[in-house]
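Engineer: In this text, residue positions in the sequence shown follow this note's numbering: the first is 110, and each later residue adds one. Quick reminder that beta carbons are idealized off the backbone N, C-alpha and C, glycines included. Before I ask anything, here is the structure I am working with.
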Amino acid sequence: MEARDYVLALKNLKLTQVQISEGTGISQPTISKIERGDVSDVMSKSYRAIQALYEKITNTEQKAA
């Protein structure tokens with residue numbers, strides 16, 4: 110999954126952008142940009158933070174693409 114996919118999945122789990130920001134350490138404005146698709150090249154540290162939060166919330170582990 111791409112970073113945007115994770116953000117959208119977390120939003121579907123009823124997390125707000127602020128909650129995603131707090132859980133990942135990524136600023137809320139950047140989370141908003143990722144959600145809108147305005148940021149397509151997300152730094153790997155940010156991507157891993159979003160992926161880790163998703164996995165923590167859903168108790169899943171995604172295979173690296």
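(1) Buried or exposed, going by whether 16 or more other CB atoms sit within 10 Å of the CB of residue 116?
(2) Can you tell me whether DSSP reads residue 159 as helix, strand or coil?
(3) Enumerate in chain order the residues of its own chain whose CB-to-CB distance from residue 140 is below 7 Å, with the five nearest sequence positions on each side excluded.
Structural biologist: In terms of the structure at hand:
(1) Along the sequence shown, read from residue 1 onward, the residue named residue 116 stands at position 7. Buried is the call here.
(2) On the sequence shown, residue 159 is found 50 positions in, with the first residue counted as 1. Three-state result, residue 159: helix.
(3) Locating residue 140 in the sequence shown gives position 31, where the first residue counts as 1. Cβ within range, chain order: 116, 126, 129, 130.
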